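Peer 1: A single structure is presented below for examination.
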Amino acid sequence: MELHHIDLTDLKTTALNVRKTGGKDVADLVPSIKSLGVLQPLLVRKNCEGYEIVAGQRRYHALLEIAEAENPELVPCIVMQDGDDAKAIEASLAENIVRLPMDEIDQYKAFAALSKKGASIEDIAVQFGITERLVKQRLALGTLYPPILTAYRREEVQISDLRLLTMATLKQQKAWWKLVQGDDYAPTGYRLKSWLFDGEEIPVSNALFDLEAYKGTIVSDLFGDDQYFADSAAFWELQSNAIAEKMDEYRGEGWSSVILHDVGGNWHRWDCVEVAKDKGGEVHITCAAHGEINFHEGYLDERAYKKRQQAQETGEAVPVTRPELTKPMENYLNLHRHSAVRTKLLGHQDVALRLLVAQFIAGSKADAQKAVRDDISESLTTNKAEEPFKAERQDISALLDLKQGEDHTMIPRKDEWERFLDPYALFAKLLKLDDEAVLRILTFATAETLPSDSSMVEVLGNLLKVDMTESWSPDQTFFDLFKDKEAINAALSDCAGEVVANGNVTAAAKTQKSIIQKCLSGERKDGNKDWQPPYMAFPMQSYTERGETKAMRDWKHISTLFEAA
């Protein structure tokens, strides 16, 4: 860039400037320029007829007004290089956003232009020193029905209504605009919000299913052509089945993930990046409270997209965007499975002996079964496998005359320096016991040193054919930690059948889990009261491709070693 002084007649405005309104309102600038001159150079670029103004439109119009009464002076200008479209837009916005406020449409168009050139929401926000929320608010204007935007520019629509309409579906926007254009009352302000979100009418046009399947009443609007479902529960059952079929269709087409959002939940396209199906793009399904369903194909959360790109650049494994199980749930499952496996091990001394050799060579320590949350600790106390293990610990401690630690383990953990066991004293006591007692002690010691997060739990569970139904059943803590909606719906299908699951696919996760609990308690007769999730099977399994846990990954690597065991 270079500073030049250019004749006013060689300057003209440009369509590239993001300010489309208010540029000629210069009453406040004229006196200042008359007394002090142009303090800030105009930003211009060359064209075939001279120079076009990229930033400084108001200063230019003020100079034109002054030139009508006085001889114009040369204008200080910074000349930009060719090919700087994005920078020109940024410069114009950076200048104008803190001066005479541009309207929201100018800002939207400027941000959208930058976005098309590859700038992220974060990039735009940092560039202009504004919040990401403000950028998203402006980009949301791009979802508006074009006639509404035009009406706002003509000052026929209030900005408060414009912002509310960004939360409406395109169909709702068109319906509202039809009211504005006609003789009927068009709600505004708080009435518009009520009109958009509080109505319970479900238009027949929103049905994805064949209307012949609906057995309820259809109500017609006496003053219009619209029809509505009188039985919303029947509508949602049929709509849910139709959505479930569509989700299966998407999965069959090879989409990496099909995400069904809660009814009335928020999902914003401007928070995502468009990604093709073969590149990991997801399908997002949104359900409005009035029954309208929208299918958004080929999107990925912007943060997940960046992580995916980084992983591909470094050669690391592409991260799962939505893990089926949370870390607390994995901890919960590990502890319950561990409890059942180690108790089962007590009855297999031959296995324990061989395992002990492997553990002692690699080094071992007592596992204190640390839970990451108090409710998981409390849940573990209800595991039926815990009591016989504690009883055996007391008997073994009595045989060796040992004092248990504060965490009730017989064998010290590596960080317990105060509970040092004298190997000579232990050896002397063991010499007085018969082989059966020593093998019993050895088996218990092997079980107590079995780490709860070890792959060996998976190996032993398979080898010993551990049946989790003997010690554990789904409790409230399990259901509290069970949060993935797709997995919950699959569990409902597993427990109560596909018909029930499909009929409740749009229901809240809490509702679906409640149905499973009613099946387990016997309150519902159409379910499997002995149901257990595949997470408690050996080998461990999941409901979705996203559900792979450390236990599953480890088993893939080591399972072939035990095929002949």
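First residue of the sequence shown: -14, per the numbering used here; consecutive thereafter. Backbone N, C-alpha and C define an ideal beta-carbon position, used for all residues, glycine too. Treat the numbers as computed from the prediction; the structure is a model and nothing was measured.
(1) So Ala97 and Leu124 are supposed to be a Cβ contact under 8 Å. How far apart are they, rounded?
(2) Please state the DSSP three-state secondary structure of Asp360.
(3) May I ask which residues mark the beginning and end of the alpha helix (DSSP H) holding Val165?
(4) Excluding five sequence neighbours on each side, which residues of the same chain lie with their C-beta closer than 6 Å to the C-beta of Asp438?
(5) Would you tell me roughly how many angstroms separate the C-alpha atoms of Lys450 and Phe523, rounded to the nearest one?
(6) Name the DSSP beta bridge partners of Pro188, please?
(7) Can you look up Leu310 in the DSSP assignment and give me helix, strand or coil?
(8) If we ignore side chains and look at the alpha-carbon of each, how far apart do Ala481 and Leu193 end up?
(9) Hey, Ala376 and Leu365 are a contact pair by Cβ (cut 8 Å); roughly how many whole angstroms apart?
(10) Taking 8 Å as the cut-off, does the CB of Gln92 come closer than this to any heavy atom belonging to the ligand NAP?
(11) Going by Cα to Cα distance, which pick from Arg254, Gln158, Pro459 and Leu(-4) is closest to Glu34?
(12) Assess, as a yes-or-no matter, whether the segment 482 to 493 is touched by the segment 218 to 232 under the definition of 3 or more beta carbon pairs within less than 8 Å.
(13) Rounded to whole angstroms, what's the CA-CA distance from Ala413 to Arg307? Just pull it up for me.
(14) With a 10 Å radius around its C-beta and 16 neighbouring C-beta atoms as the bar for buried, classify Arg293 as buried or exposed.
(15) If you check the beta carbons only, do Val243 and Val268 fall under 9 Å apart?
(16) Express the C-alpha separation of Glu443 and Trp221 in angstroms, rounding to a whole number.
(17) How should Lys470 be labelled, buried or exposed, when 16 other C-beta atoms within 10 angstroms of its C-beta is the threshold for buried?
(18) Can you check whether the CB of Ile38 is closer than 9 Å to the CB of His(-11)?
(19) Here's a check: name, in chain order, each residue in its chain whose Cβ is nearer than 6 Å to the Cβ of Asn279, leaving out the five neighbours to either side.
(20) Looking only at DSSP bridge pairs, what is Asp286 linked to?
(21) Take Gly266 as the anchor and find which of His275, Ser241, Leu196 and His253 has the nearest alpha-carbon.
(22) Taking the straight line between their C-alpha atoms, what separation do you get for Thr154 and Leu245?
(23) I need the DSSP call for Cys62, collapsed to helix, strand or coil.
(24) DSSP three-state label for Arg30, please.
(25) Hey, could you find the ends of the alpha helix (DSSP H) Glu372 is sitting in?
(26) On the CB-based measure, 16 or more other CB atoms within 10 Å of its CB, does Pro518 come out buried or exposed?
(27) Going by DSSP, what residues sit across from Arg280 in a beta bridge?
(28) For the alpha helix (DSSP H) holding Ala476, just list the boundary residues, first then last.
(29) Per DSSP, what kind of secondary structure is Glu421 in: helix, strand or coil?
(30) What is the DSSP secondary structure of Gly239, counted as helix, strand or coil?
(31) Within the same chain, show all residues whose beta-carbon is closer than 6 Å to that of Trp457, passing over the 5 residues directly before and after it, in chain order.
(32) Can you tell me whether DSSP reads His275 as helix, strand or coil?
(33) Could you tell me whether the Cβ atoms of Pro172 and Trp162 are closer together than 9 Å?
(34) Following the continuous beta strand (DSSP E) through Glu37, name the residue where it begins and the one where it ends.
(35) Taking the CB atoms as reference points, tell me whether Gly446 and Ala325 lie closer together than 9 Å.
(36) Count the other CB atoms, across all protein chains shown, that sit within 10 Å of the CB of Gln461; report buried if there are 16 or more and exposed otherwise.
Peer 2: For this structure:
(1) In the sequence shown, the residue the question calls residue 97 occupies position 112. In the sequence shown, the residue the question calls residue 124 occupies position 139. Contact flag correct, Cβ pair sits at about 7 Å.
(2) The count along the sequence shown starts at 1 and reaches residue 360 at position 375. Reduced to three states, the DSSP call for Asp360 is helix.
(3) Sequence index remark: in the sequence shown, residue 165 carries index 180 (1-based). Segment Leu155 to Gln166, the alpha helix (DSSP H) holding Val165.
(4) What you label residue 438 is simply residue 453 of the sequence shown in a count that begins at 1. Excluding residues within five positions, the ones whose Cβ falls inside 6 Å are Asn319.
(5) By one-based count along the sequence shown, residue 450 stands at place 465. By one-based count along the sequence shown, residue 523 stands at place 538. Distance between the alpha carbons of Lys450 and Phe523 is about 7 Å.
(6) In the sequence shown, the residue the question calls residue 188 occupies position 203. Tyr213.
(7) Locating residue 310 in the sequence shown gives position 325, counting from the first residue. Leu310: coil per DSSP, three-state reduction.
(8) For the purposes of this step, residue 481 is taken as the residue at position 496 of the sequence shown. For the purposes of this step, residue 193 is taken as the residue at position 208 of the sequence shown. Cα-Cα distance, rounded: 24 Å.
(9) Within the sequence shown, numbered from 1, the residue matching residue 376 stands at position 391. Within the sequence shown, numbered from 1, the residue matching residue 365 stands at position 380. Their Cβ separation, rounded to whole angstroms, is 16 Å, which puts Ala376 and Leu365 out of contact at 8 Å.
(10) Of the ligands one can find in the structure shown there are none, so the ligand NAP has no counterpart to examine.
(11) What you label residue 34 is simply residue 49 of the sequence shown in a count that begins at 1. Among Arg254, Gln158, Pro459 and Leu(-4), the Cα nearest to that of Glu34 belongs to Leu(-4).
(12) yes
(13) As a position in the sequence shown, residue 413 is number 428, starting the count at 1. As a position in the sequence shown, residue 307 is number 322, starting the count at 1. For Ala413 and Arg307, the distance between alpha carbons rounds to 56 Å.
(14) Locating residue 293 in the sequence shown gives position 308, counting from the first residue. Its Cβ being crowded by 16 or more others within 10 Å, Arg293 is buried.
(15) Here the question's residue 243 lines up with position 258 in the sequence shown. Here the question's residue 268 lines up with position 283 in the sequence shown. Contact flag set, yes.
(16) As a first step, residue 221 is located in the sequence shown; it is residue number 236 there, counting from the start. As a first step, residue 443 is located in the sequence shown; it is residue number 458 there, counting from the start. Distance between the alpha carbons of Trp221 and Glu443 is about 42 Å.
(17) Position 485 of the sequence shown holds residue 470. Label assigned to Lys470: buried.
(18) As a position in the sequence shown, residue -11 is number 4, starting the count at 1. As a position in the sequence shown, residue 38 is number 53, starting the count at 1. No.
(19) Here the question's residue 279 lines up with position 294 in the sequence shown. Excluding positions up to five away in sequence, the list reads Thr271.
(20) By 1-based counting over the sequence shown, the position of residue 286 is 301. In the DSSP output, where bridge partners are listed per residue, Asp286 has Cys257.
(21) Your numbering for residue 266 matches position 281 in the sequence shown. The residue with the shortest Cα to Cα distance from Gly266 is Ser241.
(22) Mapped onto the sequence shown, residue 154 falls at position 169. Mapped onto the sequence shown, residue 245 falls at position 260. Approximately 17 Å between the Cα atoms of the pair.
(23) Here residue 62 refers to the residue found at position 77 of the sequence shown. Strand.
(24) What you label residue 30 is simply residue 45 of the sequence shown in a count that begins at 1. Strand at Arg30.
(25) Numbered from its first residue, the sequence shown carries residue 372 at position 387. Run containing Glu372: Glu371 to Leu385, per the alpha helix (DSSP H) assignment.
(26) Numbered from 1 along the sequence shown, position 533 holds the residue referred to as residue 518. When all chains shown are included, Pro518 counts as buried.
(27) Walking along the sequence shown from the start, residue 280 turns up at place 295. Arg is not the amino acid found at residue 280; the sequence shown has Phe there. Ile270, per the DSSP bridge assignment.
(28) As a working mapping, residue 476 is identified with position 491 in the sequence shown. Looking at the DSSP string, the run of the alpha helix (DSSP H) that includes Ala476 is Lys470 to Ala481.
(29) Here residue 421 is taken as the residue at index 436 of the sequence shown, counted from 1. Three-state DSSP puts Glu421 in a helix.
(30) Mapped onto the sequence shown, residue 239 falls at position 254. In this structure, Gly239 counts as coil in the three-state DSSP scheme.
(31) To locate residue 457, count along the sequence shown from 1; it is residue 472. Excluding sequence neighbours, Trp457 sits near His321 and Asn368.
(32) For this step, residue 275 is matched to residue 290 along the sequence shown. Looking at His275 - three-state DSSP - the assignment turns out to be coil, as it is neither helix nor strand.
(33) Walking along the sequence shown from the start, residue 172 turns up at place 187. Walking along the sequence shown from the start, residue 162 turns up at place 177. 9 Å or more divides the Cβ of Pro172 from the Cβ of Trp162.
(34) Residue mapping note: residue 37 aligns to position 52 of the sequence shown, counting from 1. Start and end: Gly35 to Ala40.
(35) Along the sequence shown, one-based indexing puts residue 446 at 461. Along the sequence shown, one-based indexing puts residue 325 at 340. Yes, Cβ-Cβ distance for Gly446 and Ala325 is below 9 Å.
(36) Here residue 461 refers to the residue found at position 476 when the sequence shown is read from its first residue. Burial call: exposed.
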